[in-house]
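Shown next, in structure tokens, is the structure this report addresses.
Residue numbers (our numbering): 78 to 340.
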């Protein structure tokens, strides 16, 4: 009986199919908890943005949309290579599996490298969270917002006095209302800009931690793949790692427009 037991089948499972379905169910439950985690952050984002819309509209201009778009493309490509790696594991194509896992890890490292460049710039400029915020914000580029210089007042000539009598006073109890001050065409930096960067670093930082965790898992899969452990009869670990990696990519697909493409 022991000799008939498949090598990769755990003792508490009857068949490889049962083990595969159980593992996949467990992974989906784990991914549901991850969705709840980031879902709470997305709700916090929605609350803060609804309360302080001017902060998000102003502060997102300090994010590099080009780098964010490149990172989005990098993760989409990594999702493709991961899906291809799962397929190669199912077909028993060991060399292709190893190469695709290496490509996925390399793309993940590229993503983190670009994110490091962004973080380094924010740190240098003082665009940080809470009490660590020390940036000297200036008016964003655009049309000039200074008040127009009034024309010089001509010298008073008594012969040119108006013959129209002054307007009558209003009824008692009504305050005189002077001319309203001229508003600038574009407001200056709003208060509490650090709120946006607290949200930005929390969401992208937590996502980055998940990317690092995914790279560790993929590295373990790579080591096992080089030993030829995966094939048509056993590819569950690669499949489950792929599910996790696709969720990490999907979360960034939501983060990019919410943080970088605010209108």
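By construction, the Cβ of each residue, glycine as well, lies at the ideal position given by its N, Cα and C atoms.
Exercise for the section: Excluding the 5 residues preceding and the 5 following residue 76 in the sequence, name in chain order all residues of the same chain whose CB lies nearer than 6 Å to its CB. Expected result: Only positions 78 to 340 of the chain appear in the structure, and residue 76 is not among them; the question remains open.
Problem - Assigned secondary structure, residue 282 (DSSP; H/G/I helix, E/B strand, else coil) - result: Three-state result, residue 282: helix.
Problem - Per DSSP, the bridge partner or partners of residue 308 - result: Residue 308 has 311 as its beta-bridge partners, per DSSP.
Practice task
Determine the direct distance from the alpha carbon of residue 133 to that of residue 270, and round the result to whole angstroms.
Solution key: Cα to Cα, the separation comes out at about 8 Å.
Problem - Own chain partners of residue 115 with C-beta closer than 6 Å, once the 5 adjacent residues on each side are dropped - result: If we look at residue 115 and ignore the five residues flanking it on each side, its Cβ neighbours are 328.
Practice task
May I ask you to report which of helix, strand or coil DSSP gives residue 216?
Solution key: Residue confidence is low: residue 216 scores 49 on pLDDT, short of 50, so the model does not pin down where it sits. No coordinate-derived value is stated.
Handout entry: Extent of the continuous alpha helix (DSSP H) to which residue 179 belongs
Key = Unbroken alpha helix (DSSP H) run through residue 179: 171-202.
Handout entry: residue 133 - containing alpha helix (DSSP H), residue span
Key = Note, residue 133: alpha helix (DSSP H), 130-136.
Exercise for the section: Would you grab the beta carbon distance between residue 181 and residue 158 for me? Rounded to a whole angstrom, and I think it's under 8 Å. Expected result: Right, the Cβ-Cβ distance comes to about 5 Å (below 8 Å), so this counts as a contact.
Problem - residue 295 beta carbon less than 7 Å from that of residue 178 - result: Taking 7 Å as the Cβ cut-off, residue 178 and residue 295 qualify as a contacting pair.
Handout entry: C-alpha gap between residue 117 and residue 94, whole angstroms
Key = Computed Cα separation, rounded: 35 Å.
Problem - Three or more C-beta pairs below 8 Å linking the segment 271-279 and the segment 120-137 - result: They touch, by the three-pair rule.
Exercise for the section: Indicate the three-state DSSP secondary structure (helix, strand or coil) for residue 326 in the structure shown. Expected result: If DSSP states are grouped into helix, strand and coil, residue 326 belongs with the helices.
Problem - Cβ-based neighbour list, residue 187, same chain, cut-off 6 Å, excluding 5 preceding and 5 following - result: Within the same chain, Cβ atoms closer than 6 Å to the Cβ of residue 187 are found at 151, the five residues on either side in sequence being excluded.
Practice task
Please confirm if the segment 98-114 is in contact with the segment 307-326, defined as three or more CB-CB distances below 8 Å between the two stretches.
Solution key: Contact holds: three or more Cβ-Cβ distances are below 8 Å.
Problem - Proximity winner among 284, 191, 96, relative to residue 330 (alpha-carbon distances) - result: For the set 284, 191, 96, the Cα lying nearest the Cα of residue 330 is the one of 284.
Problem - Any alpha helix (DSSP H) of 4 or more consecutive residues that is wholly inside the segment 102-162 - result: Scanning the segment 102-162 from its first residue to its last, the whole alpha helix (DSSP H) runs of 4-plus residues come out as 130-136.
Handout entry: Residue nearest to residue 147 in terms of C-alpha spacing, selected from 340, 339, 333
Key = Ranking the options by Cα distance to residue 147, first place goes to 333.
Practice task
Write down the C-beta distance between residue 155 and residue 136 rounded to the nearest angstrom, noting that I regard them as a contact closer than 8 Å.
Solution key: About 29 Å separates the two Cβ atoms, so there is no contact after all.
Exercise for the section: With distances taken Cα to Cα, identify the nearest neighbour of residue 337 among 317, 167, 139. Expected result: Nearest of 317, 167, 139 to residue 337, Cα basis: 139.
Exercise for the section: May I ask you to report which of helix, strand or coil DSSP gives residue 69? Expected result: Nothing about residue 69 can be reported from this structure: the residues present for the chain run from 78 to 340 only.
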